[in-house]
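Engineer: Residue numbers (the numbering used here), protein chains in the order written: chain A, 24 to 222; chain B, 22 to 190.
From the three backbone atoms N, C-alpha and C, an ideal C-beta is built for every residue, glycine too.
1) With respect to the alpha helix (DSSP H) encompassing residue 147 of chain B, which residues constitute its N-terminal and C-terminal limits?
2) Which residues in chain A have a C-beta closer than 7 angstroms to the C-beta of residue 142 of chain B? List them in chain order.
3) Note down the Cα distance separating residue 172 of chain A from residue 113 of chain B, rounded to an integer number of angstroms.
4) My understanding is that residue 180 of chain A touches residue 160 of chain A, with C-beta atoms under 8 angstroms, so please give their C-beta distance in whole angstroms.
5) Please identify the residue among A/140, A/148, A/132 whose C-alpha is closest to the C-alpha of residue 120 of chain A.
6) Am I right that residue 74 of chain B and residue 103 of chain B are in contact with their C-beta atoms under 8 angstroms? What's the rounded C-beta distance?
7) Report, in whole angstroms, the separation of the C-beta atoms of residue 78 of chain B and residue 109 of chain B, which I expect to be a contact under 8 angstroms.
8) Consider the Cβ of residue 158 of chain A: report whether some Cβ of chain B lies at a distance smaller than 8 angstroms.
9) What would DSSP say about residue 128 of chain A, mapped onto helix, strand or coil?
10) Give the DSSP bridge partners of residue 212 of chain A, in chain order.
11) Between residue 224 of chain A and residue 154 of chain B, what straight-line distance do the alpha-carbon atoms span, to the nearest angstrom?
12) Mind checking whether residue 138 of chain A and residue 97 of chain A have CB atoms under 8 angstroms apart?
13) Could you tell me the alpha carbon to alpha carbon distance between residue 156 of chain B and residue 62 of chain A, rounded to whole angstroms?
14) Mind checking if residue 87 of chain A is an interface residue toward chain B, Cβ cutoff 8 angstroms exclusive?
15) Starting from residue 175 of chain B, find everything on chain A with Cβ-Cβ shorter than 8 angstroms and list it in chain order.
16) Determine, for residue 83 of chain A, whether the minimum Cβ-Cβ distance to residues of chain B falls below 8 angstroms.
17) Determine the contact status of residue 77 of chain A and residue 112 of chain A, defining contact as a CB-CB distance below 8 angstroms.
18) Flag this pair as touching only if the region 79-93 of chain B and the region 127-134 of chain B have three or more C-beta atom pairs under 8 angstroms; answer yes or no.
19) Taking only beta-carbon positions, decide if residue 219 of chain A is within less than 8 angstroms of chain B.
20) Keeping to the same chain, check which residues put their C-beta closer than 6 angstroms to that of residue 89 of chain A; ignore five residues upstream and five downstream.
21) Threshold first: 4 residues or longer. Then list the alpha helix (DSSP H) segments lying entirely within the region 51-106 of chain A, N to C.
What follows is the structure, encoded as structure tokens:
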């Protein structure tokens, strides 16, 4: 049995290194993390015992696209946290490169915008590469299962960054609604412009 | 008190005239060429004799701005064989306040095209199927070769990459 298990791990490793872009695909189990929140406490997925899933958003203070979506991700948390799908924001940039994304600046922005979701610092930039995030904003929707949190959606938030009132398709909302009903998600990956994560 | 008043007034006047000059200077620039994706797509598929170097950038994107001079230098050095096309993703509300002053300040010689198309999930895969939307990215192509780059370039890296195209023709 151990041999089979080792073989499986071996093949999984081979497959992972073979793929062009590292990071998660739809159906992968997402890693948990333990990252510092703007209130000084550390937050993990496992802290949310009753969560049916998560909306993980890699975002930051300094990217104009991320800024355009601030109110919309706050609205997503307000709508879905109470339904069992809390939003967790993770700031992936190197703060030496982007001082405007420091913990102090993150706290200030959260106060100014009235964020009600955890806004975590990916200190040491260890988590975003595991997810395969490349930019801000970049969304991963996870579904809680007995195997762990499964990646169900990767991509953008909606189809109009410029104007929320002109949005035709809300990718994230549609995905969560499908999960709630146990339906298949129609669009499991979407593309959106964002700022490359700063090393 | 009198001197303070003069100081304040003169500062007010000079500040005001500076703003005016700035506006006037950028007003002399040719109008921006702004398209949705259907208007930009032809620039990704030009069939002329040159090698085309396309860069997606924005004035607010620090790594983009850093590598922009290298694209300008390439355009200047290989003017006969290369056409550089800089596709700006600046936001419409900043065309006058940010993009035009930037173009004026840096006196860009390469062609600048502005892409304004919010339906990103539609057009990003049409640029390259492996692009997930992070900028900067670049595309180099000619009649016999085409490559997409999800990276930034130093000058010598960009030139080395370009040379692989110039020799394949």
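Structural biologist: By the coordinates alone:
1) 141-148
2) 179, 182, 213, 214, 215
3) Each residue's Cα considered, the two are about 39 angstroms apart.
4) 6 angstroms
5) A/148
6) Confirmed, about 6 angstroms.
7) 6 angstroms
8) yes
9) Reduced to three states, the DSSP call for residue 128 of chain A is helix.
10) A/177
11) Here chain A covers residues 24 to 222 and nothing more, so residue 224 of chain A does not appear.
12) yes
13) 31 angstroms
14) yes
15) Here the premise fails: no neighbours, minimum Cβ distance about 15 angstroms.
16) no
17) Going by C-beta atoms, residue 77 of chain A is not nearer than 8 angstroms to residue 112 of chain A.
18) yes
19) yes
20) 82, 83, 159, 160
21) 87-91, 93-103
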